[in-house]
Amino acid sequence: MPHDEHRTVDFFTEDALPAPRVAPADAEHIAAQHLGIDARAEALGSQQDANFLLRDENGSAAAVLKIANPAFGAVEIEAQDAAADLVSSAHPELRIATVLRCPDGSPRRAAVDTESGPAVARLLRHLPGGTLSGPRHLSPGTVAAMGTIAGKVSTALRDFRHPGLDRVLQWDPRHADRVVARLARHIGEPDRRAAVHAATAEAWAHVERLAEALPPQAVHLDLTDDNLIRRPDSRPPLPDGVIDFGDVTTSWAVGELAVSISSMLHHDGVEPHHVLPAVRAFHAVRPLSPEEAEALWPLVVLRAACLVVSGRHQTAVDGDNAYAEAALDREWRIFEQAVQLPLAVMTRLVGDAIGLADEPARADSPPLPLLRDLPADDIAVVDLSTDADAMDDGAWSDAGAEARLAAAALADGAAAVATRYARARLSQAPALAGVSPATVPTGIDLWLGRDAVVQAPAAGKVLAAAPGRVEMTYGPQVLELSFPRSIAPVVGAGATVRASADLVRLPSGTSVRVALRAAGSPDVPPLVRPEYASGWLALTADPAPLLGLPIVGRAARADLLDRRDAVFATVQGHYYADPPRIERGWRHHLLSTDGRAYLDIVNNVTPLGHSHPRVEQAVSRQLRRLNTNSRFHYASVVEFTERLAALLPEPLDTVFLVNSGSEAVDLGLRLAIGASGNDDVVALREAYHGWTYASDAVSTSLQDNPNALATRPSWVHTVDSPNSYRGRHRGSDAVRYGPEAVAVIDELAAAGRPAGAFIGETFYGNAGGVALPDGYLAQVYAAVRRHGGLAVADEVQVGYGRLGHWFWGFEQQGVVPDIVCVAKAMGNGHPLGAVITSRSVAERYREQGYFFSSTGGSPVSSTVGLTVLDALRDEDLQGNAVRVGGHLKRRMEDLAHRYDIIGAVHGSGLYLGLELVRDRVTLEPATEETAELCDRMLDLGVIVQPTGDHLNILKIKPPLCIDTAAADFFTAMLDLALTQLGHGRTR
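Under the numbering used here, the first residue of the sequence shown is numbered 170, with each subsequent residue one higher.
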């Protein structure tokens, strides 16, 4: 083919566009002879061009050699290079693969001969970092970054004009219908070919209707995961580079975003709703018009269809193209994801994401009620939401909960029972699920307590009538009735009926579903997943008016978080950037208002499990009788403190009751300083003890306070964190921590400042459940006591049976402290803390005045404390920590053998830590990877959070009632997430 520099390609006049056949040796020759660079060439994949990475004699990347398809004219190449230069100039924060230039400014570009014909070869800037290609899950930040880049490129090219843009490409969505029609014959499977044809026809009809309102401009048209380059060492991978301007042309501007979105859909775990951050990010840079928002998802479908047919075509005409062959499976996955939901649903979600959604449709009040002679006052409405009292005591997890609640209401005299439209049903939530369940109803379910006639509420046409089903028009909507298939309607399809006409007669005990959907809309499932609910519900309306019931208002999703930030001090942070709204807990599950059950892996505040019936009943009973302060004389405070003291060895026999762990530590330090007469305190580094003045003073966790070590008051002295995994002394060398801490204590005494107290967690909780070196506390306690000080044990996190083999952490060390501080687990979520010490130490407090806590030791708090101790004993939860905790640790250790990123599994019982590292030798913390993993685990139904000074340890401290099934679910989701996030297997 002669190489006309003014020629531009027209795909529909070409038989095929196979990539030029150029071997690496040929590429090296072209680079040397035509472009003046001696280098070793490594082939890079491409659909229609030939690309090579050129390395210099040291092996460093020098440039990319791109040999364009012979079908592309020189003017097209010039346009591509000019577009790249323009984007680079407009957005210097982006790295762009621009053409390299000679000293005189001319591009390093030449016309060359190839086996496939004359072509244009040029040198492009190499961008290190690698692409986003591959199956790795794309986290929300990565998705948003892709959308931002697409928006920036779009704005930079908006006014770009060049004759080389006047080309007809198979990738231009303006020609998608023709491309599919021409190439679909290459899809060998008839069912897949038919699916592509059908999806293309539907999507093209939508786009064609909007085409006049879609602004055209110059577009890159290939801002995919293959062509976006991640910033080197970014974790998670974030793109900042753009390569391959080979598809630059003029097309609809919104196509830029559609192309980028489509490339996300093949990644592991990515569903259509996961791409919405890209839509929001693009819109923030380059606002979408209402018409563009409406066209976006149909364009995604068209792009997917073109990918499928073009991939099959390319492998047919270019059989040696391994790049095209390897892409076939992911291209089909892109198509499957793109058509997974109706266009109308995804279009609504896009509109919602950028604030362009319309108000939901409403049903008019009918001339007649749907149920003849059954007034609304006789219909009981059952609430199945997370907020419903009917969901108490784990009732939501009963598979027959809905029918049971309906039967109870009917037994109480209701003529019928109705559910609520659009209110997520917790009763539909499985306890353990890696994918959110369909919980949002698109209609109303009715249970009838007496015979009823369903009549036409207004005149209309019967669209469908069959056993178990009737559909008729209702104004601009379609009324759908579903009932048992054993019942036949009394009208026929096609009949025009007046208001009051009988539709179906239902006997008592029948259930019937009532729904309204927009005429012409696709079929709507009875229940839909929360992520897609706004899209589906936009196709429906609340049928409550047909029953004489009030319409249910739609709750604003983001409003509550905004209100929190407006009045609640933001330093009191919340888990997750976009947290689920949790309004209920049960055992080891946390339940959101979307009707999803999350496995709770972090809550050591509730050892018995959430909403424990015995605690709730005991608190309610006590609140009905008395709640006051501990200066009054009542039995529960005596009984509780006796029980608590009996759990500790001699001489720890005297109890102070407070409200929190911070208060307990604060009081423990005051007791030690008062009893010893010495003000100085020795504390461990990398520890957290609380937020009061004294407890914060001895807290040295850099994550809780980045300036912790620099801002300690002069009376606090710190010693090395005795971390045998990543501390200064590791493994068997960890025995050196004890003598070194003793030396610090001795030096303080020699300097005339003997420590009045040593405080430390007895099992290193804040560091992820790392056991202290054997004998450590014995040495340190002896040293501080030798100089007149006291040993203060912080058992707030690890005490109360959580360690499994020991009720108290200090038992693992074989020591007895002088003062024990405990909280969290004591109240199972109720604010309760305690300090236990000897009578002699407690009496010395009188020298500082008196002690009083208004609610510490109140009748309610004491009752809660007693109930928790009873349940711990009666349910053998410490034993469960041994059994399930041991099983869970073994499962995580199995994962550690398969994933290099798992450096260690720490802990005992149900206080465990999974430490993530980038290198098992250097132990470089995998901080960002841990944060990304936690976010992915939330998506998979698990709430887990990081801990440690580097926030690279998963803290695993679930309610002690967790069972083996839940432990297995956690490790299965962890396994899945690690794979999806690309952490790979070591063997």
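Glycine included, every Cβ here is placed at the ideal spot set by N, Cα and C.
In this structure, isoleucine 1125 lies away from leucine 1064, with their beta-carbon atoms at least 9 Å apart.
Collapsing the DSSP output to three states places asparagine 220 in a strand.
The DSSP-derived three-state label of tryptophan 705 is helix. Ranked by how close their Cα comes to the Cα of serine 420, the residues Gly438, Leu390, Asp437, Ile430 have Leu390 in first place. Between leucine 1102 and alanine 1146, the beta carbon gap of about 6 Å places them in contact (Cβ cut-off 8 Å).
Between alanine 920 and aspartate 889, the gap from beta carbon to beta carbon reaches 9 Å or more. Aspartate 184 counts as exposed, since fewer than 16 other C-beta atoms from the protein chains shown sit within 10 angstroms of its C-beta. The residue among Glu930, Gly957, Gly937 with its C-alpha nearest the C-alpha of tyrosine 945 is Glu930. Pairwise C-beta distances place the segment 632 to 641 out of contact with the segment 585 to 605, as fewer than three of them are shorter than 8 Å.
Listed in chain order, the non-local C-beta contacts of isoleucine 430 below 7 Å within the same chain comprise Val444, Ala447, Val469, local neighbours out to five positions each way being set aside. Excluding the 5 residues flanking it on each side, arginine 897 has same chain C-beta neighbours closer than 7 Å at Asp889, in chain order. The DSSP-derived three-state label of glutamine 509 is coil. Beta-bridge partners assigned by DSSP to aspartate 282: Pro287. Under DSSP, serine 1007 takes part in no beta bridge, so it has no partner. Inter-residue distance for alanine 994 and histidine 1152 is about 35 Å (C-alpha atoms, whole angstroms). In this structure, tyrosine 862 lies away from glutamine 1114, with their beta-carbon atoms at least 9 Å apart. Contact between histidine 295 and leucine 222 holds: their C-beta atoms lie close to 7 Å from each other, under 8 Å. Put simply, the segment 1070 to 1083 touches the segment 958 to 976. At least three CB pairs are less than 8 Å apart. Scanning Leu718, His779, Leu579, Ala493 for the CA closest to the CA of tryptophan 755 turns up His779. Proline 610 is classed as buried because its beta carbon has at least 16 other beta carbons within 10 Å across all chains shown.
In the DSSP assignment, cysteine 990 falls within the beta strand (DSSP E) that extends over 988 to 991. With 16 or more neighbouring CB atoms inside 10 Å of its own CB, leucine 1123 falls in the buried class.
Between the alpha carbons of histidine 442 and methionine 433 lies a distance of about 11 Å. Rounded to whole angstroms, glycine 837 and methionine 1106 show a C-alpha spacing of 38 Å.
Annotated three-state conformation of glutamate 226 is coil, per DSSP. Restricted to the segment 519 to 596, the alpha helix (DSSP H) segments that are unbroken, complete and at least 4 residues in length are 570 to 580, listed in chain order. Nearest neighbour of leucine 426 by Cα position, chosen from Lys321, Gly859, Phe652, turns out to be Lys321. With the rule of 3 Cβ pairs closer than 8 Å, the segment 477 to 488 does not count as touching the segment 378 to 389.
Secondary structure at tyrosine 894: coil, using DSSP grouped into helix, strand and coil. Between the C-alpha atoms of glutamine 202 and threonine 1116 there is a straight-line separation of about 58 Å. Annotated three-state conformation of alanine 670 is coil, per DSSP.
For arginine 881, the three-state secondary structure derived from DSSP is coil. DSSP places glycine 1054 within a helical segment (H, G or I) once states are collapsed to three. Between valine 337 and aspartate 179 the beta-carbon gap is near 4 Å, inside 8 Å, which marks them as a contact.
Across the structure, arginine 654 and threonine 324 are spaced so that their CA atoms are roughly 57 Å apart. DSSP links serine 420 through a beta bridge to Gln386.
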